Each structure stands twice: as structure tokens, then as C-alpha cells.
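Written below as C-alpha cells is the structure these notes are about.
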Amino acid sequence: MDFKRAVCIVALVLRNRKKRRQRKFRKYWIHPLTSRRFEKGFFQKKYKILREHPEKFFNYFRMSVASFDKILHNVRPYITFMDTKFRKCISPEERLSVTLRYLASGNSMKSLYFEYLIGTTTLSEIIEHTCKSLWICLQPTYMPGKTEEDWINIANFYFERTHFPNCLGSIDGKHIRIERPENTGSEAFNYKKYYSLILLAIADADYCFTAIDVGAYGSNSDSSVFKNSNFGKRFLNNQMHLPESATLPDYEEVGPLPFVFVGDEAFPLMEHLMRPYPNRNLSIKQRVYNYRLSYARRTVECAFGIMANKWRILHRPLDVKLDFCDHIIKACCILHNFVRQHDGKQLNESFQVSEMQGIASIRTRSSNNVIDVRNLFADYFTSTAGALSWQYENI
């Protein structure tokens, strides 16, 4: 063995010894507090008692006992694990319980540790896996792809609620706060000067989400967020199974008009996407149109607000990895739809959206054809057939 090789071996041995000395000494394999989970943990001590008091159960989990059981039935195959020789696995009931509490309370993993007596690393793994599983098993039923008939039913109900004809829903994007991601530059740093991911969503007249897209960095230009989203691509490629154009109620003289989504200035004016007139020297007709569009568009704002009020994890920056953030946001959206369909409006639906900033405006040039479509909607809103008695008081 030559001298240089011997020196390298000695140096390697010394370095490994130093690392072993510096390695943090682990006093316990399982902390004494954690080992008492089966006698002192929240789930073991209070879960069954909580089920006997529906109002308290609803306040704690943000859903009824029946809804909890229905979700558990659906998600159980995804979150059931086998016991090992060394330890007993955590039950599906407890996994769902701690995940819903994390989403509903907005508490940190460390806070949940003292409640459930499950180690923070295990908690993180459980919550991420359960959030992912909630989306996988609930999305096909509670946020499915729409057929042409589905869209027509949505438009009919939308007209009943908002008086905006041929409307398939409202679209908006919100910045979800996150902690600065590891190994990234400024991609997630948005125009509001904080780190975020963008949730893009379409909502119906009952404040349920019909489609969402998650994962765009907060720094992305607003036009690219829409164009690069999954439903943005389907939208631009005419793959959303939208209905054929139809005449407006009691207003057949102008012929059929397309079915549309409504959005704010952050979105481009397109054949199937209406936005406001720019706020410059507007006529009465244009101001009425802007008011009617704003009134129809509030459904998505309400949906965001109701969701954030119910699932309060969205009120603070998400301090987990980006993939985990995606799973949390998707889980909140699908749970929002599930609870609205099964529990209705039992929860106080006052809302705040200060933690969920909108995306900035887009300046675009639109074709004459889509400008004409917007003008025809404006004509309808000031016609005998489409005018509302109180609309002029609000412009």
C-alpha cells in the first residue's frame, strides 16, 4: 500500500469517528409521552365521546358524523396498513381524524403531536398520504368532468341564482401562501411580495368547484397561469364539451350566443370567457354589464371564502414541501364540495379572503367577434327582457 492511499484511509476513518461523536444521541427509541398514545391520545380518549355530540363533532372536524363515516368508507382502502411484528399500525379512523383536524384547525404538526401523541414525522407522512387519497377517491364523484348536459344544467341554475344567461360558472385564481421552497430561486415569489402557489378554480352557482388547477408558481405571469393550466389547455382546444350556442331568454332577435364563463380583468376576453369592460369612460350600458358580470362572478369568491373559513390551514403559509402543498390544496377543494353537498350550510359561511390574494390583471387585444359577443350581452342586460329593476342603483 502506497503512502498516499494509507493517508486517505486514515483520514476517512478519523472523519467517520468524528461524525459518530457529533451525531445527536437519541435518548429514546420511542419517547415516553408518545408511548402513552393508546391511553392518553385524543383519538383514544375523546373520539367516541365526540361522536355522541354531533354539534361538537361538527365544530371539531367541520363535518357531520355521517359525512365523516361516508368519507372513511370511501378512503379506507387507501389508508389501511398492516400491523408489523414491531408495532401496531395507526387505524384508518385515526389517520382521517388527524388529517381533518390539521386541515380544519390550521394547527402545526407540533401542536397536533401534543393532541394525538403521534410523532411529527409520522404525522407528516399520514397527513400527506391521506390528503392525496382524499382527492383520488372523492374527485370522480364530487368534481367529475362535465358532459354537455351537465353544463346546461349548471347554466340553468346559474341563471336562476345570478340572472346571467348562458353562464357556465365563474373563474378566478388565488395565491395560496407557502414558506419559501427549498432549492428554488424566486419562482414562487409573487407580485404581493410573498411566496405562493396559485389555485385556479371554476365555481357553480351553489359555490361548489367544478374544476381546479393547482401548482403554478406565484411569480408566473397571469396569462400563462390560465393558458398552461389543465382546464386552460382544454378550454383553448375546445375539449370541455361545452354546449352549442343558444338564444338568451325572451331575447331571440339577436340569435344564439355562446355559453360562457365569467372572470375579472385577470383573464382574457374570449368566445367562451367574458370579462369586464375596462374602467375608462364607460357608458351606462357598459357599467350595467360590468355590474351584472361582477354579481355573477361573486360565486367563485364566495366559494374561496367559505373554503378558507372552513379549512383554516389556508389562513397561514403552508410550511411543507411543494408536492405536499398540492395535496393539501386539492384535499381542501374536494372536501369543500363534499361537505356542501352532504351538510349544506350548517357551518357559519361568513368568510375572509385576505390570505388568498387574487391574480393581477391581463391586458390583451381581443378579436372583433368576441367584443361583439360582450356587446350583445350588454344589450341584453339593458333590454326589457334582461334588465333588473335594481341594477341601475348599483352602478
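Residue numbering for the sequence shown follows the numbering used here, beginning at 1156 and increasing consecutively. Note that CB positions come from ideal geometry on N, CA and C, so glycine has one too. Everything numeric in this text was worked out from a predicted model, so none of it was measured.
- Exclusion of the five residues before and after residue 1283 leaves 1479 and 1482 as the residues of its chain whose Cβ lies within less than 7 Å of its Cβ.
- Look at residue 1263 here: in three-state DSSP terms it is coil, with no helix or strand label.
- DSSP places residue 1220 inside the alpha helix (DSSP H), whose first and last residues are 1220–1234.
- Counting only runs of at least 3 residues, the region 1335–1406 fully encloses the following beta strand (DSSP E) elements, listed from N- to C-terminal order: 1351–1358 and 1364–1372.
- Nearest neighbour of residue 1324 by Cα position, chosen from 1345, 1341, 1342 and 1301, turns out to be 1301.
- Assignment of beta-bridge partners to residue 1326 by DSSP yields 1357.
- In the three-state DSSP reduction, residue 1412 falls in the strand class (E or B).
- One thing to note: residue 1492 has its Cβ within 7 Å of the Cβ of residue 1298.
- When secondary structure is reduced to three states using DSSP, residue 1473 falls in the strand class.
- By the neighbour-count criterion, in which a residue is buried when 16 or more other Cβ atoms sit within 10 angstroms of its Cβ, residue 1485 is buried.
- Below 8 Å, too few C-beta pairs join the region 1271–1288 and the region 1305–1325 to call them touching: fewer than three.
- The region 1392–1404 and the region 1335–1355 do not touch, with fewer than 3 CB-CB distances between them shorter than 8 Å.
- Around the C-beta of residue 1275, fewer than 16 other C-beta atoms lie within 10 Å, and the residue is accordingly described as exposed.
- Under the three-state reduction of DSSP, residue 1495 is assigned to helix.
- Under DSSP, residue 1332 takes part in a beta bridge, and its partners are 1351.
- Taking the C-beta atoms as reference points, residue 1358 is found nearer than 7 Å to residue 1455.
- With contacts defined as CB atoms closer than 7 Å, residue 1216 and residue 1255 qualify as a contacting pair.
- 7 Å or more divides the Cβ of residue 1368 from the Cβ of residue 1352.
- C-alpha of residue 1170 to C-alpha of residue 1157: approximately 20 Å in a straight line.
- Restricting attention to 1476, 1161 and 1489, the CA atom closest to the CA of residue 1336 is found in 1476.
- Taking residue 1222 as the centre and dropping the five residues before and after it, the same chain places the C-beta of 1493, 1494, 1497 and 1498 closer than 8 Å to its C-beta, in chain order.
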